[in-house]
Amino acid sequence: MEKTRRRPADSRGGRKEGTYSLNECGVSPLMSLFETGLRIIGSILLTSADAFFVVTEFALTRLPQLDPADDPLRIERAREITDQLEIYLTGCQLGVTTSSILLGVVAEPAFTELLRPLFALFGTSEVVGHGISVVVGIVLINLIHKIWGKQMPTYLGVERPRQVAQRTAWALHAWTTVAYPFMMVRDGLTKATLRLFGVEVQRSWTDEETADAEEPVGVSAVRREIGEVLSRANLSQERRAEILRAVDIEQMPVRSIMVPRSEVVALRTDDALDDTLNRMRAQPFNRYPLLQTDWKNVHGTLYITTVFQALPELRKGVLRLTDIAEPVVWVGPELPISDLIDRLQEKQQEIAFTRTEGHVRGLVTSTDAFEAIAGELEDPDDVGRTNGTGSVTTAPRSESNPAAN
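Just so we're aligned: the sequence shown equals residues 1 to 405 in my numbering.
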């Protein structure tokens with residue numbers, strides 16, 4: 001008959017039946033501590049790897065939106081990567097997934113082992129203490145992973161895209177080269193799975209590598225090629241910059257040139273005509289937004305030439321400002337400037353309002369769009385005024401009120 005093994009009694013009146021120390025179980029405390037230390041070091045390295053792929057992914061996504069003329073030295077590799085962005089972003093995603101999975105495998109036993117003695121101090125049983133240690137360990141690992149492996153590198157990649165891309169491009173290129181066979185296998189399995197459901201993928205991100213020379217290239221590549229041609233042309237630096245900016249507006253959002261609503265001089269339909277005219281004299285601009293009551297109800301745009309042409313009818317009450325206002329043109333703040341120009345030409349208007357989620361954010365004019373290419377223009381409508389001390393000041397410029405554009 002099998003006998004029950006008992007632990008020797010201690011000075012406090014005995015030990016529980018069936019419980020053993022590490023030494024009694026044949027496990028070396030030194031070896032356990034050594035393994036835990038290795039797992040902690042591995043967790044730090046895996047979190048760093050995850051942060052590397054996350055910060056690189058966001059930096060490369062942001063980089064095409066920035067002017068290459070302001071790039072630092074030795075960033076050519078990063079610009080080349082943006083021309084095949086799908087492939088390299090897939091490499092980043094593979095790295096993020098791999099490091100995240102390995103982090104859970106490596107870190108959880110180490111955190112559980114470190115936390116178990118803490119809960120043992122409260123007199124919990126081994127099973128309960130182990131369960132609590134696992135839960136708390138997972139929470140701590142997730143917190144560390146989200147802060148230092150995800151959120152912090154995300155902010156860094158968005159705020160410092162050039163510096164990040166400059167330092168990580170070569171490492172990402174090496175990783176993607178090594179991982180490319182795995183990416184091909186994964187792509188093949190994905191398409192095979194979709195075919196089981198009757199979905200045939202006509203194009204994959206891998207097509208970018210084998211595309212012939214007649215396939216469309218990225219805006220960054222076009223800009224570089226134009227820049228190289230212009231550098232050999234007999235053109236001034238200012239002319240070359242204007243040509244390159246004409247390419248850039250394809251990717252520049254309207255919000256980059258939009259004037260905030262708080263800086264706009266607007267007119268209201270419920271104001272008396274004389275009050276409206278006095279305000280136009282005090283703040284003379286070419287065009288004004290016309291509001292019914294507030295910015296929640298934008299009626300249209302008033303052009304100053306139209307107002308003065310219709311002034312006799314307005315004074316007689318035959319016409320109202322709402323009768324001569326041009327219709328509103330709405331655009332989203334993320335719309336490219338090139339599309340804004342097309343929209344204004346289509347509507348035959350010179351001003352557009354931006355809004356998100358039903359709220360007006362500001363406005364942008366055709367002059368703003370033109371200045372995105374040609375640079376800042378001197379406003380011929382600026383009027384010299386005497387401020388009473390003998391010096392001359394000017395009326396508000398277009399920077400302070402877009403209606404002046």
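Glycine included, C-beta positions come from ideal geometry on N, C-alpha and C. All values reported here derive from a predicted model rather than from experimental measurement.
Assuming residue i contacts residue j (C-beta within less than 8 angstroms), just tell me the rounded distance between them.
i: Phe285; j: Val259; result: No, Phe285 and Val259 are not in contact; Cβ-Cβ is about 12 angstroms, not under 8 angstroms.
i: Thr90; j: Met183; result: 6 angstroms
i: Ala325; j: Gly300; result: 3 angstroms
i: Pro327; j: Arg361; result: Rounded, the Cβ-Cβ distance is 19 angstroms, inconsistent with contact.
i: Ile337; j: Ile226; result: About 18 angstroms; that fails the 8 angstroms criterion.
i: Gly149; j: Asp50; result: 4 angstroms
i: Val254; j: Thr354; result: 6 angstroms
i: Arg245; j: Ile373; result: 5 angstroms
i: Val247; j: Arg223; result: 5 angstroms
i: Leu319; j: Ala310; result: 5 angstroms
i: Arg315; j: Leu273; result: 7 angstroms
Just to confirm my understanding: we take residue i, look at its own chain, exclude 5 residues before and 5 after, and list those with CB closer than 7 angstroms. What are they?
i: Leu46; result: Ser99, Leu102, Leu103, Val106
i: Tyr180; result: none
i: Leu230; result: Arg240, Ile243
i: Gly129; result: Arg116, Phe119, Ala120
i: Glu313; result: Leu319
i: Ile249; result: Pro336, Ile337, Ser338, Ala372, Ile373
Could you work out which residue in the options is closest to residue i when comparing CA atoms only?
i: Leu321; options: Leu235, Pro289, Asp342, Val331; result: Pro289
i: Met280; options: Asp270, Ala272, Ile304, Asn297; result: Ile304
i: Thr56; options: Leu340, Asp339, Thr82; result: Thr82
i: Gln251; options: Asp368, Gly188, Leu377, Leu340; result: Leu340
i: Val329; options: Glu80, Gln345, Glu126; result: Gln345
i: Ala174; options: Val199, Val139, Ile87; result: Ile87
i: Asp294; options: Arg315, Thr306, Arg268; result: Arg268
i: Val96; options: Arg315, Thr176, Leu194, Lys296; result: Thr176
i: Asp342; options: Phe370, Asp323, Leu319; result: Phe370
i: Gln163; options: Arg223, Arg79, Lys150; result: Arg79
i: Arg160; options: Pro64, Thr306, Ala59, Gly375; result: Ala59
i: Leu291; options: Thr306, Ala282, Asp271, Gln283; result: Asp271
i: Ala165; options: Arg62, Pro312, Thr190; result: Arg62
i: Asn278; options: Phe122, Val331, Val307, Gln348; result: Val307
i: Ile147; options: Val54, Val185, Asn234; result: Val54
i: Phe52; options: His145, Arg195, Gln84; result: His145
i: Gly375; options: Gln283, Gly317, Val298, Glu238; result: Glu238
Less than 6 angstroms between C-beta atoms, sequence neighbours within five positions excluded: which residues of the same chain meet that for residue i?
i: Glu209; result: A caution first: Glu209 carries a pLDDT of 46, below 50, which makes its placement in the model too unreliable to give a value.
i: Thr36; result: Ala110, Glu113
i: Glu126; result: none
i: Met31; result: For Met31, the predicted structure reports a pLDDT of 45, less than 50, and the residue's modelled location is therefore unreliable. A value from the coordinates is still provided. Counting only Cβ-Cβ distances below 6 angstroms, and skipping sequence neighbours, we find nothing.
i: Gln65; result: Gln251
i: Ile40; result: Ala110
i: Leu335; result: Val254
i: Leu94; result: Ala179
i: Val139; result: none
Leaving out the 5 sequence neighbours to the left and right, which residues in its chain are closer than 8 angstroms to residue i when beta-carbon positions are compared?
i: Ile141; result: Ser43, Leu103, Gly104, Ala107, Glu108, Phe111
i: Ser21; result: Unreliable positioning characterises Ser21 in this predicted model, as indicated by a pLDDT of 45, which lies under 50. A coordinate reading is not provided.
i: Arg261; result: Trp295, Val360, Arg361, Gly362, Leu363
i: Thr356; result: Gly332, Pro333
i: Thr389; result: The predicted position of Thr389 is uncertain, since its pLDDT is 30 and thus under 50; no value can be drawn from it.
i: Leu85; result: Leu60, Thr61, Pro64, Gly218
Could you give the residue range of the alpha helix (DSSP H) that holds residue i?
i: Pro109; result: 85-120
i: His173; result: 161-196
i: His130; result: 126-144
i: Pro312; result: 311-316
i: Arg281; result: 273-282
i: Leu340; result: 337-347
i: Val247; result: 237-248
What are the start and end residues of the beta strand (DSSP E) that includes residue i?
i: His299; result: 298-303
i: Thr475; result: Any property of residue 475 remains undetermined from this structure, which presents the chain solely from 1 to 405.
i: Thr413; result: Shown here, the chain extends from 1 to 405; a query on residue 413 therefore has no answer.
i: Thr322; result: Premise fails: Thr322 lies in the alpha helix (DSSP H), 321-324, not in any beta strand (DSSP E).
i: Thr365; result: 359-365
i: Arg261; result: Per DSSP, Arg261 belongs to no beta strand (DSSP E) and is neither H nor E.
i: Pro289; result: 287-291
| said: For the region 123-136 against the region 148-164, do three or more pairs of beta-carbon atoms, one drawn from each stretch, fall closer than 8 angstroms, so that the two count as touching? | reply: no
| message | For the structure I just gave you, are there three or more beta carbon pairs, one from the region 74-85 and one from the region 159-174, closer than 8 angstroms? | response | yes
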